[in-house]
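Trainee: In this note's numbering, the protein residues as written are 473 to 1102.
The beta carbon of each residue, even a glycine, is placed where N, CA and C say it ideally should be.
All figures in this text were calculated on a predicted structure; none of them were measured in a lab.
Below is one structure. I have some questions about it.
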């Protein structure tokens, strides 16, 4: 077996969130880092967390001193460090410091005012930060005003009020305001560069930004994200005056209300890219480190172009064996980040996993979740979390501790080594895949994806704007980033951008565009049944892997690395799986267990038995490929 697969480089290590959540001590920091290394963990994210004493304030000299201690110890041990950009989360407020710098930088919203209710006068002289946007008279005679104003929104704080569990809640900043974001960068990113910049690009590999939200953690209902002058931007993006349609944000009975709400969201996303993600990305680019982390939603693929390490996060038991593994927006996130990284030419993609799964989280669930990520192409894991301290209420703050305070810590190194091997295998490898599911910048479809997963037709998500930005679309299919997609699937799209129409028509004319159940394109006939859907795909692309009898719980990923083919096989169900495989590659076949690190010769037929929570690899060397249609 290859030496590098057995013992990959340390840069492929998982990198847990390390919750700094109590009084810090230099010796204890050094001791815990040494303990990480002994257990096979060679990187970490320094995450200041609720429970810090107030004398270790966010971005203070004292906090940065302890960070330098950790970074220098990591350097001594040939480990890597990722910095976190916020005092808790969501990112963008510098623990309330942005608003403290200028109250005008407080998070803002669009709000509706009932003008017939004289008790709510939006133009009170004591509220000078409120601006009138427009007034309307509804068909029923109701008079309303739309205003932009500060919103009651906060982020989570670093300090307990007393000894908890209540915590402080700093005000959220207006990240749609470029000046507020520039202040955030100055307070955090520039401060990191001043204090720790000598380690940038070596020990310090990246800065993590965490699910920035347009309304922070909102404490008001019935408001929409906004900022001063937002309509000017919205109108420019949409190409029409949105002002007459503002009531649609609140009233579903307005004409085409759903359309206008989606248009407004799209314009906000465009603005957020310009005012937040792009400046952070460019700052990191200029300073020789990566921007990592993830946006607010698990299916936000569009924002990932502004991450050097695109990522998502699995929290709150959103994904577990059963329906959540394949259904709903969170089920898309593994493919979301790996697909984005592939098409953008990024080396790594990540997942922040295990957060808030609770004290009942098991070893088996942890193993299942990482396999769920690996078989979808994730190659960097941020386990949430290793707790510096579990004193008092700290042990119950978004548990579990999946590191030193867990029941499995003594046996952690084989798991850490396993994760490192799988991350290595998913890096610098060719993904053998010829199916693309076309997507918007968010709201990734999962219905067609579920069918593909359950019938072993592997795919990637491809954002529509690639079709006119950097892909080559021909009758033979879509060519992008070394991939050749011979079939493109439409699922759930209600509208098609005009810029995408020529490419889609080319694919439709060549019979390579498949619409699942419905389509806004009149030239494409939708496929209504699973059987017809699979038949259409198989006509274009003979199956790379087939299971007899059918195995709906079997997931697979096929990659080529260093001259060998690897089929990554996972049982995502809760019962044993037995089937016989037929694959498109012929050669010397061996079975690899990357956890136990055993390799055995595979005989014909390729009978596969997988217990629940199990991953196996089928490795093919000295191979021959079948002749297939282009």
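Answer with buried or exposed for residue 578, where buried requires no fewer than 16 other C-beta atoms within 10 angstroms of its C-beta.
Mentor: Classification of residue 578: buried, given that the 10 Å Cβ count is 16 or more.
Trainee: So what does DSSP say about residue 774, is it helix, strand or coil?
Mentor: Reduced to three states, the DSSP call for residue 774 is helix.
Trainee: Can you confirm whether the segment 693-706 touches the segment 676-684 when touching is taken to mean that 3 or more C-beta pairs between the two stretches lie within less than 8 Å?
Mentor: No contact exists between the segment 676-684 and the segment 693-706.
Trainee: Under the three-state reduction of DSSP, which class applies to residue 493: helix, strand or coil?
Mentor: Three-state result, residue 493: coil.
Trainee: Quick check on this structure: which residue in 1044, 754, 704 and 993 has the alpha carbon closest to the alpha carbon of residue 836?
Mentor: Selected option, being the one with the closest Cα: 1044.
Trainee: Enumerated in chain order, which unbroken segments of the beta strand (DSSP E) with a length of 3 residues or greater are wholly contained in the segment 761-838?
Mentor: 762-766, 783-787 and 822-827, all fully within the segment 761-838.
Trainee: Would you identify the three-state DSSP class for residue 932, choosing helix, strand or coil?
Mentor: If DSSP states are grouped into helix, strand and coil, residue 932 belongs with the strands.
Trainee: Residue 831: buried (16+ other C-beta within 10 angstroms of its C-beta) or exposed?
Mentor: The residue is exposed, with fewer than 16 neighbouring Cβ atoms inside 10 Å.
Trainee: So within the segment 944-1014, which uninterrupted beta strand (DSSP E) runs reach at least 3 residues, ignoring any that extend past its ends?
Mentor: Runs found: 944-946, 949-952, 955-957, 959-963 and 985-988.
Trainee: Specify the secondary structure class of residue 719 as computed by DSSP and reduced to three states.
Mentor: Residue 719 falls in the helix class under three-state DSSP.
Trainee: Which residues in the same chain have their Cβ closer than 7 Å to the Cβ of residue 739, if we skip the five residues on either side of it in sequence?
Mentor: Counting only Cβ-Cβ distances below 7 Å, and skipping sequence neighbours, we find 705, 706, 709 and 710.
Trainee: Helix, strand or coil for residue 1102? Go by DSSP, reduced to three states.
Mentor: Its pLDDT being 43, under 50, residue 1102 is placed unreliably by the model, and nothing is read from it.
Trainee: Who pairs with residue 515 in a beta bridge, going by DSSP?
Mentor: The partner list for residue 515 (beta bridge, DSSP) reads 552.
Trainee: Are the Cβ atoms of residue 517 and residue 655 separated by less than 9 Å?
Mentor: Result no, Cβ atoms of residue 517 and residue 655 do not sit closer than 9 Å.
Trainee: Which of the three DSSP states, helix, strand or coil, is assigned to residue 421?
Mentor: Residue 421 lies beyond the range of the chain shown here (473 to 1102); nothing can be said about it.
Trainee: Using the Cβ count rule (16 or more neighbours within 10 Å means buried), how would you classify residue 1094?
Mentor: Under this definition residue 1094 is an exposed residue.
Trainee: Give the DSSP bridge partners of residue 696, in chain order.
Mentor: For residue 696, which the question treats as bridged, DSSP gives the partners 582.
Trainee: So what's residue 941 in DSSP terms, helix, strand or just coil?
Mentor: Note: residue 941 maps to helix in three-state DSSP.
Trainee: Below 8 Å on the Cβ atoms is my contact criterion, and I expect residue 509 with residue 540 to pass it. Report the Cβ-Cβ distance as a whole number of Å.
Mentor: Between residue 540 and residue 509 the Cβ distance is about 19 Å, and since that is not below 8 Å, they are no contact.
Trainee: Would residue 852 and residue 783 qualify as a contact pair, given that the criterion is a beta-carbon distance under 9 Å?
Mentor: Yes, Cβ-Cβ distance for residue 852 and residue 783 is below 9 Å.
Trainee: Should the segment 722-735 be regarded as contacting the segment 876-886, the criterion being three or more beta carbon pairs within less than 8 Å?
Mentor: No, the segment 722-735 does not touch the segment 876-886.
Trainee: List the DSSP bridge partners of residue 1050.
Mentor: According to DSSP, residue 1050 bridges with 1081.
Trainee: Considering only the alpha carbon of each residue, which of 988, 545, 860 and 532 lies closest to residue 494?
Mentor: Checked all of 988, 545, 860 and 532; the closest Cα to residue 494 is 860.
Trainee: Which first and last residues belong to the alpha helix (DSSP H) in which residue 750 is found?
Mentor: Run containing residue 750: 750-758, per the alpha helix (DSSP H) assignment.
Trainee: Using only CA atoms, which one of 872, 528, 720 and 1069 lies nearest to residue 858?
Mentor: Of 872, 528, 720 and 1069, the residue nearest in Cα terms is 872.
Trainee: Would you give the residue range spanned by the beta strand (DSSP E) that residue 680 belongs to?
Mentor: First-last of the beta strand (DSSP E) with residue 680: 676-682.
Trainee: Which partner residues of residue 603 appear in the DSSP bridge assignment?
Mentor: Residue 603 pairs with 620.
Trainee: May I have the straight-line CA-CA distance separating residue 1088 from residue 1047, to the nearest angstrom?
Mentor: If you take the alpha carbons of residue 1088 and residue 1047, they lie about 16 Å apart.
Trainee: Are there 16 or more other CB atoms within 10 angstroms of the CB of residue 701, so buried, or fewer, so exposed?
Mentor: Residue 701 is exposed by the Cβ-count criterion.
Trainee: Within 9 Å (strictly less), CB to CB, does residue 778 reach chain B?
Mentor: Of the protein chains in the structure, only one exists, and it is not chain B.
Trainee: From residue 538 to residue 813, what does the alpha carbon distance come to, in whole angstroms?
Mentor: For residue 538 and residue 813, the distance between alpha carbons rounds to 33 Å.
Trainee: Return the bridge partner residues of residue 645 from the DSSP annotation.
Mentor: Looking at the DSSP assignment, residue 645 forms a beta bridge with 578.
Trainee: Whose CA, out of 823, 1053, 637 and 981, lies closest to the CA of residue 927?
Mentor: Residue 927 has its Cα closest to that of 1053, out of 823, 1053, 637 and 981.
Trainee: Within the continuous beta strand (DSSP E) that includes residue 475, where are the two ends?
Mentor: Note, residue 475: premise wrong, no beta strand (DSSP E); alpha helix (DSSP H) at 475-478.
Trainee: Tell me, which residues are paired with residue 1037 by DSSP?
Mentor: For residue 1037, which the question treats as bridged, DSSP gives the partners 1032 and 1092.
Trainee: Taking the C-alpha atoms as reference points, what is the distance between residue 779 and residue 506?
Mentor: The alpha-carbon atoms of residue 779 and residue 506 are separated by roughly 30 Å.
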